[in-house]
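*Asks:* Mind having a look at this structure? Questions to follow.
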Amino acid sequence: MLSGILLVFLGYIMGSIPFGLIIGKFGYGVDVRKYGSKNIGAANVLRTVGILPGILTFVGDFMKGGASVFLARYLEAGDLIIILAGLAAIVGHSWPVFLKFKGGKGVSTTTGVILVMMPGAFLVLFVVYALICAVFRYTSLSAIISALVFPIVVFFLKMPSLYLWFALAASVIVIWRHQQNIQRLIAGTERKLGQRVRTGREEEKREKLEGVFGATPHSPKKKTEAKGQRGNEP
1 MLSGILLVFL
11 GYIMGSIPFG
21 LIIGKFGYGV
31 DVRKYGSKNI
41 GAANVLRTVG
51 ILPGILTFVG
61 DFMKGGASVF
71 LARYLEAGDL
81 IIILAGLAAI
91 VGHSWPVFLK
101 FKGGKGVSTT
111 TGVILVMMPG
121 AFLVLFVVYA
131 LICAVFRYTS
141 LSAIISALVF
151 PIVVFFLKMP
161 SLYLWFALAA
171 SVIVIWRHQQ
181 NIQRLIAGTE
191 RKLGQRVRTG
201 REEEKREKLE
211 GVFGATPHSP
221 KKKTEAKGQR
231 GNEP
């Protein structure tokens, strides 16, 4: 009993590790909580910092979810503890103790949990996610639809009821964490895959370059000066 509680607690602690914040802030000098969707997940890191840090964030978040389930299985815990450990990792990512319970949306971590816990369901959801993303170019929409499909997939795979309850709980968390994305999708303001977000670090770089080489013809400063000069022409 005590070992089971410790595994669930460890799952939450592992889930709370904010790889997106660590990689962005200490690796690239960008606090992703200040830009884009202000989320610490891989999608926002991809938009605000770059492709490599986005991939590294996904891998970190993915592995902490998978590791929580793998560890519980390795220690021969029962199905209930395995499921709770995986769910705890998702909760930890979404509401991390290290960031005052302000975390990510749980997609990458949930993906890692599903791969280790139910490889068959993972394959189906991967195809669903990839198709939606390829057609509509919205990672948020892909995640939301995949979350909606997840319990249905588990049901048709005829897995034990505990796994169906896990699928329902994980789906609710992922969809709940995407509330703002749903609002932006409805309003038509959601960013598509590949759209970058300008950060303060990029602005600082531009200003330093302008200080050395002068403003470029395409820089905001140069455009403003040129517009002002045209306005003063007779």
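For the sequence shown, UniProt numbering gives the first residue as 1, with consecutive numbering after it. The beta-carbon is built from N, C-alpha and C at its ideal position, and this holds for glycine as well.
Could you tell me which uninterrupted alpha helix (DSSP H) segments, each at least 4 residues in length, are contained entirely in the segment 125-199, listed from first to last along the chain?
*Replies:* With a minimum length of 4 residues, the continuous alpha helix (DSSP H) runs that stay inside the segment 125-199 are 139-156, 161-177, 179-187.
*Asks:* At which residues does the alpha helix (DSSP H) containing His64 begin and terminate?
*Replies:* Looking at the sequence shown, residue 64 is not His but Lys. Residues 51-74.
*Asks:* Would you please state the rounded distance, in angstroms, between the beta carbons of Gly15 and Ala88? I believe it to be under 8 Å.
*Replies:* That belief holds up - the Cβ atoms of Gly15 and Ala88 are roughly 6 Å apart, short of 8 Å.
*Asks:* Contact check, Tyr138 vs Lys105 under 8 Å by CB: the rounded distance?
*Replies:* About 13 Å separates the two Cβ atoms, so there is no contact after all.
*Asks:* Using the beta-carbon count (16 or more within 10 Å), is Gly188 buried or exposed?
*Replies:* Classification for Gly188: exposed.
*Asks:* Less than 9 Å between the beta carbons of Tyr28 and Gly60, yes or no?
*Replies:* Result no, Cβ atoms of Tyr28 and Gly60 do not sit closer than 9 Å.
*Asks:* Give the DSSP-derived three-state secondary structure of Asp31 in the structure shown.
*Replies:* The answer is coil: DSSP assigns Asp31 none of H, G, I, E or B.
*Asks:* For Phe98, I'd like the list of residues in its chain whose CB is within less than 7 Å of its CB, leaving aside the five on either flank, ordered along the chain.
*Replies:* Answer for Phe98: Ser16, Pro18, listed in chain order.
*Asks:* Roughly how many whole angstroms lie between the Cα atoms of residue 235 and Pro53?
*Replies:* Any question about residue 235 goes unanswered here, given that the chain covers just 1 to 234.
*Asks:* Run through DSSP, which three-state label would Ile82 get?
*Replies:* Three-state DSSP puts Ile82 in a helix.
*Asks:* Assign Ala77 to one of three DSSP states: helix, strand, or coil.
*Replies:* It is coil, neither helix nor strand.
*Asks:* Val69 and Val135 - do their beta-carbons sit closer together than 9 Å?
*Replies:* No, the Cβ-Cβ distance between Val135 and Val69 is not below 9 Å.
*Asks:* Could you give the DSSP three-state label for Asn39: helix, strand or coil?
*Replies:* It is coil, neither helix nor strand.
*Asks:* Suppose you measure from the CA of Asn39 to the CA of Arg33; what does that come to, to the nearest Å?
*Replies:* Each residue's alpha carbon lies about 6 Å from the other.
*Asks:* Are at least three pairs of beta-carbons, each pair with one atom in the segment 67-87 and one in the segment 6-13, less than 8 Å apart?
*Replies:* They touch, by the three-pair rule.
*Asks:* Measuring only the C-alpha atoms, how far is Trp165 from Phe26?
*Replies:* Those two C-alpha atoms are separated by around 38 Å.
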